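Chains as they are written, first to last, in the working numbering: chain G, 1 to 242; chain F, 1 to 242.
Data block below; observations after.
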DNA sequence: CTTCAATGGTCTGTTTCCAGACTTTTGGAC
DNA sequence: GTCCAAAAGTCTGGAAACAGACCATTGAAG
C-alpha cells in the first residue's frame, strides 16, 4: 500500500476546464439549450453578465460573437437592444444520439446517468424531508403543471425546469448546481431523441408521483419515484442506442 | 411570469472561482489537508503535476512556493527531491470551529451539509445496488479496517479515505468528484473539533453498518445507514457550535 | 570518482485576459 | 424634433498565464 488515503486521482484533476473564452461559450450555450433563456428573450446586458460570470467584458463579447456567428444569438445595439436567443432545438435525426454519445467519450454515458441518479434522488428525498412553505408548494405545483401543459417544442425545456425546481427548492445552491450539471450532461442526449406521446404520458404519471410524495413528506417514496423515473429515461436512451 | 424556465441563478454563476494561482493553492491545500498526500510524502514532479492540473509550470511553482512559505511543504531539489508534505493537522482549539463556520458565510454550513447528505447517500445506495467484484469488496473492507485501526492523529484522514472509497467504487468519476467536493467543504469544520473516543466508537458502528448493507446488496439500508451517520456528524458539529 | 538521470530553478517571448475610458447606435419620452 | 438613457462597440495599456528552452543540484550506480 501507498499509505496514501485515496485514489488521489480525483483531487489532482484539472483546475481549469479550458480557457475563459471556451468555458464562457460552453456556459452560454448550456443556458440557451436548457432554455434558461428562452427563445426570443435576451441575455442580461454585457456588463452585468460579465460581472455574474466573473470574466471581463472583452472575453464575454468574444463568446457572444462566436454564438452569434453560429446562429444561436441575434445581437442588436441601442437602447432595448441586447443578445437575443434565436436558437430552436432542431428535430432530432437518426444518428444524432450516437454522435452525442461518442462526443462524451467512453464511460461518459454511464457516468452521467449514475451521477444524475445520485444527485436527483438525493434532492427529492431531502426536499420531501423538509417542511415546505406555501410558496414552495405552489412553485412545485406550477412547474408540474408547466410540463403537463407543454407544447412538444417546449417539452424538454419545461421538463428541465421541473427537475431543477426540485433541486433549487432544497435551498442548497451546491445541490442545485450539481443537479443542473447532471442535467446538462444528458441534455444533448435527450435532445437527440424524439419526444413521443407515450413517453410523455408515462413521464407525467411519474412526475405526479414525485410531487405527491414530496408534498406528503415521504422521503423514501420521493426517492423511489425519482429513481424509477430516471431509470425510465436511462432505459429510453439505451433503447435508442441499440 | 417570465416565461423563463428556472431561477436562472445557477447557470450564470462564475466561470472562474479566482485566478489560476489562487485556485491552485486551494487545490493543493485541500489535497494536503485531506491527506491525499500524507505527511512525509511528496507531490508529483512539477512538470507532471502541472499537466494534471492543467496549468503552466510557472503558476504551479508560485503556488508551491506559497505553500512552502506557509509551512506546508518542504521543497528539495536534485534527484529524489520534490515538494514534501510537512504539515500536521494542529490540535483544534476553542473558537476554531466558529471561525471556520464564519469563513463559509451565511447559509454555507447548511448548504454543505445538505449537499454532502445528498451525494454520499446517493453513492452508497448506488454502490449497494451494483454487483461488486472481489477486489471492490476487499477495497471496502480494507478502508473500513483502516479507520478502525487509525491512530488518533490519522483518524480524519482515514475516515475521509473510507467515505471517498465508497464514492469511487461506484465507478462514476463525476459522483466521486462531487463527494470529494462535499467532504472538502466540511473538512475545516471537522478539523476544528476534537476527535473523541465515544464519537469514534459510534462512528465505527455506523461505518460497519454501511459496509454491511453495501455488501449485502441492500441499497435502501445502505442509504439509511449513511444518512444516520451523516446526521450524527451534523449534530456533532451543531453541538459544538452552541 | 565519474557519470547520469531526475528533479527543482530560471529566463524569454507570446498569448490571453483584464479594467476602464471612450464612442456609436437606437428608440422612447417630452 | 430634440434629448436622453440604455445598450452594444472600440481602443489602450498592463497584468496574468503560458510554452518551451535552458541551468543547477543532487544522490545513486557503475
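Yeah, the Cβ is synthetic: ideal placement off N, Cα and C, and Gly gets one too.
Quick caveat, the model's predicted, so the values are computed rather than measured.
Residue-level contact to chain G via CB, residue 236 of chain F, 8 angstroms cutoff: Contact with chain G is absent for residue 236 of chain F, since none of that chain's Cβ atoms lies less than 8 angstroms from the residue's Cβ.
Can you name the start and end residues of the alpha helix (DSSP H) that residue 232 of chain G belongs to? 219–241
When the Cα atoms are used, what is the spatial distance from residue 109 of chain F to residue 235 of chain F? 12 angstroms
In the DSSP assignment, the beta strand (DSSP E) including residue 96 of chain F goes from what residue to what residue? It is not in any beta strand (DSSP E) - residue 96 of chain F instead sits in the alpha helix (DSSP H) that spans 96–104.
Is the number of C-beta pairs between the segment 82–100 of chain G and the segment 171–182 of chain G that are closer than 8 angstroms three or more? no
Buried/exposed call for residue 192 of chain G, threshold 16 Cβ in 10 Å: Under this definition residue 192 of chain G is a buried residue.
Which residues bound the alpha helix (DSSP H) around residue 28 of chain F? 20–33
Quick one: is residue 13 of chain G near chain F, going by C-beta distance under 8 angstroms? yes
Residues in the segment 23–49 of chain G with C-beta within 8 angstroms of chain F's C-beta atoms, listed in sequence order? Within the segment 23–49 of chain G, those residues whose Cβ lies closer than 8 angstroms to any Cβ of chain F are, in chain order, 23, 24, 27, 30, 31, 34, 35, 36, 37, 38, 41, 44, 49.
Measure from the C-beta of residue 53 of chain G to each C-beta in chain F and report whether the shortest distance is under 8 angstroms. yes
Express the C-alpha separation of residue 220 of chain F and residue 111 of chain F in angstroms, rounding to a whole number. 24 angstroms
Below-8 angstroms beta-carbon distance, residue 175 of chain G vs any chain F residue: yes
Could you work out which residue in F:72, F:86, F:114, F:215 is closest to residue 233 of chain F when comparing CA atoms only? F:114
List the endpoints of the continuous beta strand (DSSP E) containing residue 73 of chain G. Note, residue 73 of chain G: beta strand (DSSP E), 73–76.
Is it a yes or a no for the segment 144–160 of chain F touching the segment 76–87 of chain G, going by three-plus beta-carbon pairs under 8 angstroms? no
Tell me which same chain residues have a C-beta within less than 7 angstroms of the C-beta of residue 21 of chain F, skipping the five on either side of it? 59, 62, 63
Give a yes or no on whether 8 angstroms exceeds the smallest Cβ distance from residue 198 of chain G to chain F. no
Which residues DSSP lists as bridging residue 51 of chain G, in chain order: Paired residue(s): none; residue 51 of chain G is not in a bridge.
Which residues in chain G have a C-beta closer than 7 angstroms to the C-beta of residue 170 of chain F? List them in chain order. 114
Whole angstroms is fine: what's the gap from residue 231 of chain F's alpha carbon to residue 224 of chain G's? 21 angstroms
Considering only residues of the same chain and omitting the five flanking positions on each side of residue 31 of chain G, which have a CB-CB separation below 7 angstroms? Within the same chain, residue 31 of chain G has close Cβ partners 37.
In chain F, which residues lie less than 8 angstroms from residue 117 of chain G when you measure between Cβ atoms? 122, 126, listed in chain order.
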